[in-house]
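Enquirer:
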Amino acid sequence: MESGEQQELPRESLHEKLLQEQPAEKAAVRPPEKAEVTLPAPDIPDKKTHYCGLLNTGYVNSRIRLAGWVGRRRDHGGLIFIDLRDRSGVMQLVFDQKLGAGLFEESESLRSEYVVAVEGEVVRRSEENINPALPTGEIELRVEAMEVLNTSKTPPFYIEDDINVDENLRLRYRYLDLRRPEMLGRLQLRHRAVKLVRDYMDRYDFLEVETPMLTRSTPEGARDFLVPSRPHPGDFYALPQSPQLFKQLLMVSGVERYFQVVRCFRDEDLRADRQPEFTQIDIETSFFGIENLFALTEGLVALLWKEIHGVEIKRPFLRMPYSEAMNRFGSDKPDLRFAMELVDLNDLAVKSQFKVFTSALEGGGAVKGLRVKGGQKMSRKDLDDLTLLARQLGARGLAWVFVEENGWRSPISKFFDDALMADITSRMEAEEGDVLLFVADRWDTTCHVLGYLRRHLAPEDIAPEPHFLWVVDFPLFHYDDEEQRYESDHHPFTAPRVEDLPLLESDPLAVRAQAYDLVLDGVEIGGGSTRIHDSTVQSGIFKLLGLSEEESREKFGFLLEALSYGAPPHGGIALGLDRLVALLTGDESIRQVIPFPKTAAASCLMTGAPAGVAGKQLEELKLKLQKQEEEE
RNA sequence: GGAGCUGUGGUGUAGAUGGUUAACAUAUCGGCCUGUCAAGCCGAAGAUCGCGGGUUCGAGUCCCGUCAGCUCCGCCA
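Just so we're aligned, residue 326 is where the first sequence starts under the working numbering, counting upward by one.
(1) Helix, strand or coil for K372? Go by DSSP, reduced to three states.
(2) Quick one: does the C-beta of F793 sit closer than 8 Å to a heavy atom of the ligand NAD?
(3) Taking a contact to mean a Cβ-Cβ separation below 9 Å, would you say V395 touches D411 in this structure?
(4) For R716, which residues from the same chain have a beta carbon less than 8 Å from its beta carbon, with the 5 sequence-adjacent residues on both sides left out?
(5) Relative to the alpha-carbon of A934, which residue among L496, R390, V468 and V441 has its alpha-carbon at the smallest distance?
(6) Determine the burial state of D832: buried for a count of at least 16 other Cβ atoms within 10 Å of its Cβ, exposed for fewer.
(7) Can you give the beta carbon distance from V580 to V534, rounded, assuming they're within the 8 Å contact cut?
(8) Identify the residues that DSSP records as bridge partners of W394: which are they?
(9) Leaving aside the five residues before and after G871 along the sequence, list all residues of the same chain whose C-beta is less than 6 Å from its C-beta, in chain order.
(10) Can L435 and I405 be called in contact, C-beta distance under 9 Å?
(11) Taking only runs of the alpha helix (DSSP H) that begin and end inside the stretch 424 to 485, which ones reach a length of at least 4 residues, in chain order?
(12) Would you call F420 buried or exposed, if buried means 16 or more other Cβ atoms sit within 10 Å of its Cβ?
(13) Can you tell which of L950, L379 and G911 has its C-alpha closest to the C-alpha of G940?
(14) For Q573, report the span of its alpha helix (DSSP H) as first-last.
(15) In whole angstroms, what is the alpha-carbon distance linking P784 and Y777?
(16) Would you kindly report the start and end of the unbroken alpha helix (DSSP H) that includes E492?
(17) By a C-beta neighbour count over all protein chains shown, 10 Å radius and 16 as the cutoff for buried, is Y376 buried or exposed?
(18) Is I961 helix, strand or coil when you go by DSSP?
(19) Give the DSSP-derived three-state secondary structure of A349 in the structure shown.
(20) Here's the rule I'm using: 16 or more other beta-carbon atoms within 10 Å means buried, otherwise exposed. How should T479 be labelled?
(21) Measuring CB to CB, does R780 end up less than 9 Å from G847?
(22) In angstroms with no decimal places, state the Cα-to-Cα distance between Q701 and G655.
(23) So L686 and V675 are supposed to be a Cβ contact under 8 Å. How far apart are they, rounded?
(24) Who are S958's beta bridge partners in DSSP?
(25) What are the start and end residues of each continuous alpha helix (DSSP H) run of 4 or more residues lying completely inside the stretch 857 to 938, in chain order?
(26) Starting from V726, follow its DSSP beta bridges and name the residues at the other end.
(27) Thinking just about the alpha-carbon of each residue, which of R511, D592, N493 and P506 is nearest to the one in S542?
(28) Within 10 angstroms of its Cβ, does N493 collect 16 or more other Cβ (buried), or is it exposed?
(29) Excluding the 5 residues flanking F679 on each side, which residues of the same chain have their C-beta closer than 6 Å to its C-beta?
(30) Figure out for me which residue from R588, L428 and G614 has the closest Cα to the Cα of P894.
(31) Quick one: grab the DSSP three-state call for F682.
(32) Run the CB neighbour count on V862, radius 10 Å, all protein chains shown included, and call it buried at 16 or more, exposed below.
(33) To which residues of the same chain is F531 closer than 6 Å at the C-beta, ignoring the five residues directly before and after it?
(34) Please report how far the alpha carbon of Q600 lies from the alpha carbon of L948, in whole angstroms.
(35) Any idea if F881 is buried or exposed, counting beta-carbon neighbours within 10 angstroms, 16 or more meaning buried?
(36) Hey, could you find the ends of the alpha helix (DSSP H) M538 is sitting in?
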């Protein structure tokens, strides 16, 4: 049965083209002076003729007007220096008592973050007064006229880079936080990245199409944010977890090449790299083929790194099946900047007298080891902590061995004869002074736990250059022990691999999906799949997922119907814009690159959202709040 | 749902083992000061130590609870 295996696009060698071509257009940030369109009312009319940070010695002797915020003030009595800051940077203003008492008196009242417009002459600083730390350090503005446009309360923290303040405070006064140059720089970089994306996609004929923010809740996947409907009391919209269904429907519509920079919403617990609302670069294609999609994505990512970091990224990216990623690195998003691979020990462990190993193997599990180079520095307490960590991650325990001159020092060495110890030591390429860690458990637990420890114990000197990787051949399903049913690993519209179709009935867990993730240095930056474009196959998958005929018709009828009207083979990918930008800026948390982010408890410290609403609003929606349950 | 860490003038911190005027830096305000760029010097004001209980003659410090933030596990197709 045809299930959605994509064919190569025959009519042109797009793949080759994508691999070789470098978009010529550069999306540099243009200084505002060079804007091509003259505004009807001249730009920055009477307050401002130039930007602070863009001035240089070429402007010496020019009469200009600047406007911005008062930064640091250095008051020498009869001479006052002000750092005037605007979006572009900083310019030193000089107020001299000798040049007019009235103006000077006025300047004495200036305080941090006052908004001022000034007029004067750009002058060259004398040699000994040049500030090499400042781009405009060779010049200054001798102020001859000033207008105070607004005053300011003393800000709660310094408006400058590298401040050391509680993030609470920054979030509460985010508008001031964003006034800091490094934060404005992040906004600028993000803007530039998005512009590069739009121009790139446009060059390859992709159409940016908007999809609804108010849509319907779907049973699979993350928890939805719900929005009550006033005209339909008791009914709810859901905010989209992604435009998944709409982009597939756009393929049925014949758009063929779609993309969107789009906000998505998931009501799940947060992390440093997860926000309740986040932005995706969403892409979907028809008649395109997976090779083209990979090349397109690689080209896009490489473009970002080239334009923003000047780094040439090697293409094509490495590809690795999911099973290999798990076996070698214990993760479906392995960090390839360092080796420290997990070592498969099943065949050796079975020869030991160690029950933990042998019984795990008898139960169909796996035994794997991780070599910690120079691990002898670890104390007994460190190892106990690691053991506790392993338990918390779901393992039954963690075995450890000190490799010493005379062999193993370990509570478990008595279960191994000398030859076996030697074999394991040599398989793990261990040397004297190393510590070996072992987990014996279900295969997935073993991989997961050791993969976590691998990251946890990663060497400090990891390679600085980015390691991109495609993880492919994900399983189509996993089994949910709690719900006692199969669940889609990616999403329920993912096409199985054609050669695995026969396994759908006999061994669903063995079926591989046409799904892929794009991984960079241990971070998942995107993922996608070839979709099912056959309504019969789609119905079959729904059934396997435990959705009854009525249920799937009720929830996804529109999709099944659409698929029956000549749906083309299609597939796509979505890239996490926030994560991409955070990687480009080198930030640990995506909150740094989101202008108005939420906290780990999903509240906004600035607006106070979420917040209660008036009773009248609830009445209109026919909603009643439940009393909070009292504790028993 | 669970675990860990953090919470002291506006801000960043110090306050071993409980002991009475809670320290320092910086910002703020006032004074002096014409080449600074984290300007400098002098002075002043500014804190019921996140909140609520408890133990104690006495709590910033110990105990319990609670709130907020951060990080992680679960969760996030």
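Note that beta-carbon positions come from the ideal geometry of N, C-alpha and C, so glycine has one too.
Expert: Looking at the coordinates:
(1) Walking along the first sequence from the start, residue 372 turns up at place 47. Reduced to three states, the DSSP call for K372 is coil.
(2) The ligand NAD is not part of the structure shown, which contains no ligands of any sort.
(3) Within the first sequence, numbered from 1, the residue matching residue 395 stands at position 70. Within the first sequence, numbered from 1, the residue matching residue 411 stands at position 86. No; because the gap between Cβ atoms is not below 9 Å, this pair is not in contact.
(4) Here residue 716 refers to the residue found at position 391 of the first sequence. The residues are G722 and L723.
(5) To locate residue 934, count along the first sequence from 1; it is residue 609. A934 has its Cα closest to that of L496, out of L496, R390, V468 and V441.
(6) As a working note, residue 832 is residue 507 in the first sequence. By the C-beta density criterion, D832 is exposed, having fewer than 16 other C-beta atoms within 10 angstroms.
(7) For this step, residue 580 is matched to residue 255 along the first sequence. For this step, residue 534 is matched to residue 209 along the first sequence. Contact annotation, V580 with V534: C-beta distance approximately 6 Å; criterion of less than 8 Å satisfied.
(8) Against the first sequence, residue 394 aligns to sequence position 69. Looking at the DSSP output, W394 shares a beta bridge with R410 and V440.
(9) Counted from its first residue, the first sequence places residue 871 at position 546. Excluding sequence positions up to five before and after G871, its CB lies within less than 6 Å of the CB of R810, all in the same chain and listed in chain order.
(10) Sequence index remark: in the first sequence, residue 435 carries index 110 (1-based). Sequence index remark: in the first sequence, residue 405 carries index 80 (1-based). Cβ atoms of L435 and I405: closer than 9 Å.
(11) Counting only unbroken stretches of 4 or more residues, the alpha helix (DSSP H) elements lying wholly within the stretch 424 to 485 are 426 to 433, in sequence order.
(12) Indexing the first sequence from 1 puts residue 420 at position 95. Taking all protein chains shown into account, F420 has 16 or more neighbouring C-beta atoms within 10 Å of its C-beta and is therefore buried.
(13) Along the first sequence, read from residue 1 onward, the residue named residue 940 stands at position 615. Nearest of L950, L379 and G911 to G940, Cα basis: L950.
(14) Walking along the first sequence from the start, residue 573 turns up at place 248. In the DSSP assignment, Q573 falls within the alpha helix (DSSP H) that extends over Q569 to V577.
(15) Reading the first sequence from its first residue, position 459 is the one you call residue 784. Reading the first sequence from its first residue, position 452 is the one you call residue 777. CA-to-CA, the gap between P784 and Y777 works out to about 14 Å.
(16) The residue labelled residue 492 in the question sits at position 167 within the first sequence. That run of the alpha helix (DSSP H) goes E492 to R497.
(17) On the first sequence, residue 376 is found 51 positions in, with the first residue counted as 1. Answer is buried; the Cβ neighbour count reaches 16.
(18) This structure leaves residue 961 out entirely; the chain is present only between 326 and 957.
(19) As a position in the first sequence, residue 349 is number 24, starting the count at 1. With a pLDDT of only 42 at A349, under the threshold of 50, the placement of this residue in the model should not be trusted; the figure read from the coordinates follows. It is coil, neither helix nor strand.
(20) Residue mapping note: residue 479 aligns to position 154 of the first sequence, counting from 1. With fewer than 16 other Cβ atoms inside 10 Å of its own Cβ, T479 counts as exposed.
(21) Start at 1 with the first residue of the first sequence, and residue 780 comes out as number 455. Start at 1 with the first residue of the first sequence, and residue 847 comes out as number 522. R780 places its beta carbon less than 9 Å from that of G847.
(22) As a working note, residue 701 is residue 376 in the first sequence. As a working note, residue 655 is residue 330 in the first sequence. As the crow flies, the alpha-carbon of Q701 is around 23 Å from that of G655.
(23) Taking the first residue of the first sequence as position 1, residue 686 is located at position 361. Taking the first residue of the first sequence as position 1, residue 675 is located at position 350. Indeed they touch by this definition, with Cβ atoms about 5 Å apart.
(24) A question about residue 958 goes unanswered here, because the residues of the chain that appear run from 326 up to 957.
(25) Fully enclosed alpha helix (DSSP H) runs of 4 or longer: 860 to 869, 874 to 888 and 902 to 910.
(26) Walking along the first sequence from the start, residue 726 turns up at place 401. According to DSSP, which records beta bridges pairwise, V726 is partnered with L761.
(27) Walking along the first sequence from the start, residue 542 turns up at place 217. The residue with the shortest Cα to Cα distance from S542 is D592.
(28) For the purposes of this step, residue 493 is taken as residue 168 along the first sequence, with counting starting at 1. The residue is exposed, with fewer than 16 neighbouring Cβ atoms inside 10 Å.
(29) Counted from its first residue, the first sequence places residue 679 at position 354. I737 and F740, listed in sequence order.
(30) For the purposes of this step, residue 894 is taken as residue 569 along the first sequence, with counting starting at 1. When R588, L428 and G614 are compared, the shortest CA-CA separation from P894 is found for G614.
(31) Residue numbering aside, residue 682 sits at position 357 when the first sequence is read from its first letter. Three-state result, F682: helix.
(32) The count along the first sequence starts at 1 and reaches residue 862 at position 537. Buried, by the Cβ-count rule.
(33) Here the question's residue 531 lines up with position 206 in the first sequence. Taking C-beta separations shorter than 6 Å and ignoring five residues to either side along the sequence, the partners of F531 in its chain run R582 and F584, following chain order.
(34) Within the first sequence, residue 600 is the residue found at index 275, counting from 1. Within the first sequence, residue 948 is the residue found at index 623, counting from 1. Roughly 27 Å separates the two Cα atoms.
(35) Within the first sequence, the letter at position 556 stands for residue 881. Buried.
(36) Locating residue 538 in the first sequence gives position 213, where the first residue counts as 1. Element bounds for M538: n/a, residue is neither H nor E.
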